[in-house]
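Novice:
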Amino acid sequence: MKSGKHLESPLVVKGTSKSTLALILASFAFAGLALGAGIGSTGFESLFNAVDDPIALQIIMDIRLPRTLGAWLAGLLLGLSGALAQGLFRNPLADPYLLGSASGASLGVAAMLLLFGAGADVSSFVFKLGLSGAAFLGAILAVSLTLMLSRGVQHTMRLLLAGIIVSVVLGALTSLSTLLEPQIIQTMQSFLLGTTSFMNWSSVLLMGTVWSICLAFTWTLSRALDALSLGEATAISLGLNLAPVRAGLIGALALAIGAAVAQSGLIAFVGLAAPHLVRSLVKVTHDWLILLSSLMGGLLLLTADLLARWLSAPEELPVGLFTAVLGGIYLLKLMYTRNMNRESI
Amino acid sequence: MTLTAIRLKNVNATLGSRPVLQDINLEFKSGQWTNIIGPNGAGKSTLLKVLAGLITFKGEVAFPTLKDFESKGKNKARHIAWLGQNEIGADDLSVYDVAMLGRIPHQGWINAPSAHDTYAVEKALKKTQAWDWRMRSLAELSGGERQRALLARAIAVEADILLMDEPLANLDPPHQADWLDIVKSLISEGKTVISVLHEVSMALMGDEIILLNCGQITHQGHSSDPKTHRAIEQVFEHRIQIERIKNRWVSLPNLNSDH
Amino acid sequence: MIALFISLLNRNLFLPILLLSYAYTGFASSYELVDDRGVSVSFASPPTRIVSTLPSLTEAVCAMGHCGSLVGVDTNSNYPSAVNSIKHIGGGLTPNIELIVSLKPDLVLMSKNERISQRLEQLGLKVFVLESVRHRDVLRTLEKLDAIFKTNDAQRVWLSVENEISKATNSVPESSKKIRIYFEVSTGPYAAGPNSFIGETLTRLGVDNIVPTNLGDFPKLNPEFVVKADPDLIVISDNNLVDLLKRPGWQEMTAIRENRVCTLTKEQSDTVVRPGTRMGEGARIIAQCITSKGVHH
Numbered sequence: 023m024k025s026g027k028h029l030e031s032p033l034v035v036k037g038t039s040k041s042t043l044a045l046i047l048a049s050f051a052f053a054g055l056a057l058g059a060g061i062g063s064t065g066f067e068s069l070f071n072a073v074d075d076p077i078a079l080q081i082i083m084d085i086r087l088p089r090t091l092g093a094w095l096a097g098l099l100l101g102l103s104g105a106l107a108q109g110l111f112r113n114p115l116a117d118p119y120l121l122g123s124a125s126g127a128s129l130g131v132a133a134m135l136l137l138f139g140a141g142a143d144v145s146s147f148v149f150k151l152g153l154s155g156a157a158f159l160g161a162i163l164a165v166s167l168t169l170m171l172s173r174g175v176q177h178t179m180r181l182l183l184a185g186i187i188v189s190v191v192l193g194a195l196t197s198l199s200t201l202l203e204p205q206i207i208q209t210m211q212s213f214l215l216g217t218t219s220f221m222n223w224s225s226v227l228l229m230g231t232v233w234s235i236c237l238a239f240t241w242t243l244s245r246a247l248d249a250l251s252l253g254e255a256t257a258i259s260l261g262l263n264l265a266p267v268r269a270g271l272i273g274a275l276a277l278a279i280g281a282a283v284a285q286s287g288l289i290a291f292v293g294l295a296a297p298h299l300v301r302s303l304v305k306v307t308h309d310w311l312i313l314l315s316s317l318m319g320g321l322l323l324l325t326a327d328l329l330a331r332w333l334s335a336p337e338e339l340p341v342g343l344f345t346a347v348l349g350g351i352y353l354l355k356l357m358y359t360r361n362m363n364r365e366s367i
Numbered sequence: 007m008t009l010t011a012i013r014l015k016n017v018n019a020t021l022g023s024r025p026v027l028q029d030i031n032l033e034f035k036s037g038q039w040t041n042i043i044g045p046n047g048a049g050k051s052t053l054l055k056v057l058a059g060l061i062t063f064k065g066e067v068a069f070p071t072l073k074d075f076e077s078k079g080k081n082k083a084r085h086i087a088w089l090g091q092n093e094i095g096a097d098d099l100s101v102y103d104v105a106m107l108g109r110i111p112h113q114g115w116i117n118a119p120s121a122h123d124t125y126a127v128e129k130a131l132k133k134t135q136a137w138d139w140r141m142r143s144l145a146e147l148s149g150g151e152r153q154r155a156l157l158a159r160a161i162a163v164e165a166d167i168l169l170m171d172e173p174l175a176n177l178d179p180p181h182q183a184d185w186l187d188i189v190k191s192l193i194s195e196g197k198t199v200i201s202v203l204h205e206v207s208m209a210l211m212g213d214e215i216i217l218l219n220c221g222q223i224t225h226q227g228h229s230s231d232p233k234t235h236r237a238i239e240q241v242f243e244h245r246i247q248i249e250r251i252k253n254r255w256v257s258l259p260n261l262n263s264d265h
Numbered sequence: 134m135i136a137l138f139i140s141l142l143n144r145n146l147f148l149p150i151l152l153l154s155y156a157y158t159g160f161a162s163s164y165e166l167v168d169d170r171g172v173s174v175s176f177a178s179p180p181t182r183i184v185s186t187l188p189s190l191t192e193a194v195c196a197m198g199h200c201g202s203l204v205g206v207d208t209n210s211n212y213p214s215a216v217n218s219i220k221h222i223g224g225g226l227t228p229n230i231e232l233i234v235s236l237k238p239d240l241v242l243m244s245k246n247e248r249i250s251q252r253l254e255q256l257g258l259k260v261f262v263l264e265s266v267r268h269r270d271v272l273r274t275l276e277k278l279d280a281i282f283k284t285n286d287a288q289r290v291w292l293s294v295e296n297e298i299s300k301a302t303n304s305v306p307e308s309s310k311k312i313r314i315y316f317e318v319s320t321g322p323y324a325a326g327p328n329s330f331i332g333e334t335l336t337r338l339g340v341d342n343i344v345p346t347n348l349g350d351f352p353k354l355n356p357e358f359v360v361k362a363d364p365d366l367i368v369i370s371d372n373n374l375v376d377l378l379k380r381p382g383w384q385e386m387t388a389i390r391e392n393r394v395c396t397l398t399k400e401q402s403d404t405v406v407r408p409g410t411r412m413g414e415g416a417r418i419i420a421q422c423i424t425s426k427g428v429h430h
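Okay, here's the thing in C-alpha cells:
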C-alpha cells in the first residue's frame with residue numbers, strides 16, 4: 023500500500039493548523055500596526071508627545087495609523103489577488119499582474135500626467151480622480167482589453183497570451199508618453215515604485231471595502247477554484263459553469279489588484295509569494311487558502327513598509343524595493359530547497 | 007429488458023477541422039459495464055467526452071433513464087460522473103479534500119459537507135483503499151496512489167452513470183484487480199459503468215464491448231460472443247489472439263516469431 | 134465701541150453686529166492670493182515658518198531676505214549656504230509628509246504636484262504653488278512672494294538678476310556672437326530648447342541654439358541630429374561627459390575634436406538649471422564658457 027516514494031511529511035491536522043496560522047498572521051499584523059504608530063521621521067517621541075502636542079497626535083492619527091493600516095490592507099488585497107490568479111490559471115507561478123493590470127495602471131498614470139500635468143486644475147473632475155483613480159481605471163481597462171482580445175474566458179492559453187500582448191503594448195505606449203514629455207518620468211516612477219506616504223483614512227476605507235467585497239465573493243466561489251484545480255474537464259463534469267465563474271473571478275481579481283495598485287503603486291512579489299508561503303506551511307483548500315494568503319500578503323507588505331520607513335529614517339525608501347528584495351530572496355530559497363527534495367521542480 | 011442509459015443519434019465530432027467521430031449511432035445499456043476499445047487515435051476519449059457533455063458535437067445524446075431536468079447542468083453532474091485521463095493539478099490538496107470534491111454536485115458551492123457527504127467520501131476512499139493515507143497531499147503520492155485518489159473522487163459522486171477514461175493508468179496488478187472489484191460492486195448497486203480501456207483482457211471482463219476505429223463503430227457486442235472476439239482481433243490487425251483461460255477470456259499477443 | 138453702543142439700543146442686533154465687527158477686523162488684516170494652480174490661498178499675516186520643496190523657490194525666498202523664515206527645505210536645496218543647516222524634508226517629488234507636518238509650517242511652497250499638495254492640504258497645511266518655466270515666470274514668482282510677505286522687494290531683486298544677465302551678455306565678445314550652442318541638460322540626450330529658460334538665457338547672450346523652437350522646451354533628441362547640426366560649442370555637466378564621448382559618431386564632431394566643450398561642475402550646474410534668482414549667475418557662467426573656449430564663427 024505504501025510506496026517507497028513517500029516523503030515523510032508531518033500529518034497536517036486540518037482544524038488546528040490553519041486557524042492557528044490565521045491567528046498568528048493576524049496577531050503579527052496587530053503588532054505591526056502598533057509599531058507603525060511609532061515609526062517615522064519623528065520616531066517614537068511622537069507617541070509620547072501625542073498626549074499634549076496636537077501636531078504629534080495628528081502625525082499619529084492622520085499620517086502613521088492610516089498608512090500603516092493602508093499598507094496592511096494593500097497587502098491583503100495583493101495576497102488575495104495572488105491566490106486568485108494562481109487558482110484561476112492553475113499555475114503556482116501566476117502573479118496578479120498577468121492580465122495586464124500593471125501596465126494598465128502605469129499607462130493610466132502616464133496618460134493622466136501627460137494630458138493634465140502633475141498639477142491639474144483644482145476644480146476639474148480629473149483632479150479629484152487623481153493619480154490613484156487613473157491607476158485604478160487603467161488597471162481595470164487593461165484587464166477588460168485582455169478579455170476582449172481573448173474573446174471571452176473560455177481558453178486559458180488565449181487569456182494568458184492576450185494578457186502578454188496587452189502588457190507589452192500598453193508598456194510601449196507608456197514609454198512613448200515618457201518620450202513625449204520626459205518630465206513625467208520622475209513623478210510616474212515615484213508613484214509606481216510604491217509608497218504609503220499618501221494614504222489617508224479614505225484610502226483605508228476604500229481598500230477595506232474592496233477587500234471585504236472581493237474576499238466574500240471569492241470565498242463563495244472557493245469550491246469552484248478547488249474543482250478547477252482538478253482540470254477544466256473535471257470541473258465542468260462536476261457541474262461548474264466555467265465561463266461565468268471565470269469571468270466573475272477575473273472581475274474580482276481586477277478590482278482587488280486595481281485598488282491595491284491605485285493606492286500603493288506597483289508592489290512586486292507579494293501577490294506571488296504569499297500563497298506559496300501559506301502552502302508551504304499548511305495544506306488547505308481554496309476557502310482557507312484565499313483568506314490565509316490575504317493575511318500573509320498583508321503581513322508581508324506591512325513588514326516591508328515598516329522597514330522602508332525605519333531603516334533610513336527620516337528618509338523613506340520605496341516600499342516596492344523591499345518587497346522585490348525580500349520576495350526575490352524567498353523565491354530563490356524556494357527554488358533551491360525544492361530541487362533537493364524532488365527530482366524536478 | 008434492460009433499459010438504455012445513453013442513446014447517441016448521428017453524433018459527429020471534430021477536433022479543429024479534423025473529423026474524429028463520424029455518424030455514431032449507439033446505445034449503452036443501463037446497469038451494465040460497457041467497455042470502449044480500439045486502436046490509438048480511434049476517438050475513444052472523444053466519444054467518452056461526448057457522453058459527458060464536455061465537448062461540442064453534432065447530433066443527439068439522450069439519457070432515457072434520467073428525468074429531463076436531471077440531464078442538464080448541475081443536476082446532470084449528480085447523475086453522471088467522469089474520470090479523465092492524465093489529470094494533473096490539485097497537488098496541494100489532500101486525498102480527502104480531493105475525494106470530497108466529488109460531492110460538489112450534491113453540495114453546492116457554499117454549503118458545508120453534510121453527514122452523507124462525509125459518509126460517501128469515506129466509503130469511496132475505503133473502496134479504493136486510500137482511506138489510511140487520506141491526509142497526504144496528492145503531490146506526495148506515487149502514480150498509482152494518485153489514480154486511486156482520483157478514482158475515489160469519481161466514486162464519491164454516487165452517480166448513476168460512471169464514465170472513466172483509462173482508469174487503470176499507473177495501477178499495479180493488485181490495484182487493477184481492486185478496480186475490477188469496485189466496478190463489479192458498482193454494477194451490483196445498479197450503476198452503469200462505461201470505460202475506455204487499453205487492456206483488452208480487462209475489457210473482456212465487462213458485459214459489452216464497443217469497438218471504435220477511425221471514428222466509427224465497427225462492432226458492438228457481448229464480451230463473451232465469439233463474433234466480438236473475432237472483431238477485436240481484426241481491429242487490432244490480428245496482433246492479438248483471444249483465448250479462454252481458466253474461465254476467463256484473455257487477450258494474448260501474437261508475435262511475428264510465432265509464425 | 135460703536136458696535137457695543139448700537140447693540141445696547143437693540144438687544145436683537147447684538148450678536149449679529151458683534152460677529153460683523155469681528156469679521157470686519159478679520160477682513161481688514163487677512164488677504165487672499167491666487168497661486169499657480171488657480172487656488173485662492175488666504176493669509177492672516179505673513180508666514181514665519183516656511184517649508185520649500187524646490188531649490189529655486191528656496192533661493193527666491195532667501196533672495197527676498199526671508200531665509201530666516203525657512204524651517205524645512207528639500208534635499209536638493211543647497212544655496213545659500215545658510216540653507217544647509219535647515220532641516221531637510223526629502224526630495225521634491227518624494228517629500229517626507231510626516232516630517233513636514235512635524236515642523237508645523239504655516240506655509241508650504243512647492244511646484245505643481247497634485248498628489249503632494251492635496252495630501253498636505255488634507256492634513257491642514259497651507260500650500261502655495263509657484264511654477265517657474267520661463268524668465269518672466271521668475272519675476273512673477275518674486276512678485277507673488279512680495280504679496281505673501283507684504284514687502285516690496287521683487288523689482289529690486291529682479292533688477293539685479295537682469296543686470297547680471299546684461300553684464301554677462303556684454304562680456305561675450307562680438308566674434309563669439311551667433312555661434313551655435315548645444316546645451317545638454319541630461320543624458321537622453323535631452324537638450325535645452327530656445328523657449329526654455331536656459332534657452333532664453335542663451336538667446337539673451339546673443340548665441341544661437343541648434344535646437345529649433347518647434348521641438349519643445351526640453352526635447353529628447355536623436356543623437357544623429359546633434360551630429361548633423363555640428364554645434365560650435367557644447368555645454369554639459371561634467372558627470373554626463375563620459376556618456377557623451379561614447380556616442381557613435383560624436384568623436385568626429387568639430388566641437389569635440391577642437392575641445393569646444395564646456396563642462397559644468399555640480400555647483401555650476403545647480404546654478405544654471407534652476408529657473409530662479411540665480412539666473413544672472415548662470416548667464417555669467419555660460420558667458421565665461423563661451424569666452425574661454427574662444428569660439429569664433
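Chains A, B and C supply the protein sequences, listed in that same order. Under the numbering used here, think of the first position of the first sequence as 23, with each following residue one higher. Under the numbering used here, think of the first position of the second sequence as 7, with each following residue one higher. Under the numbering used here, think of the first position of the third sequence as 134, with each following residue one higher. Cβ coordinates follow ideal geometry from the N, Cα and C atoms, glycine included.
#1: Please report the residue range of the beta strand (DSSP E) in which C395/C lies.
#2: At the 8 Å Cβ level, is R245/A part of the contact set with chain B, yes or no?
#3: Taking all protein chains shown into account, do 16 or more other C-beta atoms lie within 10 angstroms of the C-beta of R89/A, making it buried, or fewer, making it exposed?
#4: Name, going along the chain, the residues of the segment 160-174 of chain A whose beta-carbon falls closer than 7 Å to a beta-carbon of chain C.
#5: Roughly how many angstroms lie between the CA atoms of L129/A and Q205/A, to the nearest whole one?
#6: Along chain A, in chain order, which residues have C-beta atoms closer than 9 Å to that of D187/B?
#7: Going straight from the alpha carbon of M197/C to that of S250/C, what length do you get?
#8: Could you name the residues of the segment 354-385 of chain C whose beta carbon sits closer than 9 Å to any beta carbon of chain A, in the order they occur along the chain?
#9: When DSSP labels each residue in this structure, what does S36/B get in the three-state scheme?
#10: Does F344/A get closer than 8 Å to chain C when you measure Cβ to Cβ?
#11: Please tell me whether K40/A has its Cβ less than 8 Å away from any Cβ of chain B.
#12: Using a beta-carbon distance below 8 Å, is A249/A in contact with chain B?
#13: Under the rule that 16 or more other beta-carbon atoms within 10 Å means buried, what is H122/B, buried or exposed?
#14: Let me check understanding here. Comparing Cα to Cα, which of I216/B, D187/B and N41/B lies closest to K133/B?
#15: Looking at chain C, which residues of the segment 209-241 of chain A have a Cβ within less than 8 Å of any of its Cβ atoms?
#16: Would the beta-carbon of A284/A fall within 8 Å of that of G319/A?
#17: For S175/C, name the three-state secondary structure that DSSP assigns.
#18: Suppose only complete runs of 4+ residues qualify. What are the alpha helix (DSSP H) ranges in the segment 100-137 of chain B, listed by chain order?
#19: Going by CA-CA distance only, name the one from N113/A, A164/A, L314/A and M134/A that's closest to L100/A.
#20: Looking only at its chain, what residues have a beta carbon closer than 7 Å to the beta carbon of A48/A, apart from the 5 residues adjacent to it on each side?
#21: Secondary structure at G65/B, three-state DSSP: helix, strand or coil?
#22: Answer with yes or no whether the minimum CB distance from P336/A to chain C is below 8 Å.
#23: So which residues on chain B does S315/A lean against when the C-beta distance must stay under 7 Å?
#24: List, from N- to C-terminal side, the alpha helix (DSSP H) runs of 4 residues or more that fit wholly inside the segment 255-314 of chain A.
#25: Does the CB of L201/A have a neighbour CB from chain C at under 8 Å?
#26: Which bits of chain F does T178/A rub up against, with CB to CB less than 8 Å?
#27: Give me whichever residues DSSP pairs with G275/B in a beta bridge.
#28: Just verifying my parser: in three-state terms, what is the DSSP assignment at V368/C?
#29: Specify the secondary structure class of F66/A as computed by DSSP and reduced to three states.
#30: Which ranges would you report for the alpha helix (DSSP H) in the segment 249-322 of chain C if only whole runs of at least 4 residues count?
#31: May I ask you to report which of helix, strand or coil DSSP gives R170/C?
#32: Can you give me the start and stop residues for the beta strand (DSSP E) that N16/B sits inside?
#33: Closer than 8 Å by beta-carbon distance: list the chain B residues that pair up with L260/A, in chain order.
#34: Along chain A, which residues have their Cβ under 8 Å away from the Cβ of I230/C?
#35: Using a Cβ-Cβ distance cut-off of 8 Å, determine whether G57/A contacts chain C.
Specialist: With the structure as the only source:
#1: V394 to L397
#2: yes
#3: buried
#4: none
#5: 15 Å
#6: Simply none; closest approach about 16 Å.
#7: 24 Å
#8: none
#9: coil
#10: no
#11: no
#12: yes
#13: exposed
#14: D187/B
#15: T209, S212, F213, T217, S219, F220 and N222
#16: no
#17: strand
#18: 101-107, 110-113 and 121-133
#19: L314/A
#20: L317
#21: strand
#22: yes
#23: Under the 7 Å cutoff, chain B gives no residues; its nearest Cβ is about 12 Å from S315/A.
#24: 264-286 and 292-303
#25: yes
#26: Of the protein chains in this structure, namely A, B and C, none is chain F.
#27: Lying outside 7 to 265, the shown extent of chain B, residue 275/B is not represented and no answer is given.
#28: strand
#29: coil
#30: 268-282 and 287-304
#31: coil
#32: T10 to L21
#33: A83, L107, G108, I110, P111 and V163
#34: I85, S219 and F220
#35: Per the sequence shown, residue 57/A should be read as Leu rather than Gly. By this cut-off, L57/A is not an interface position.
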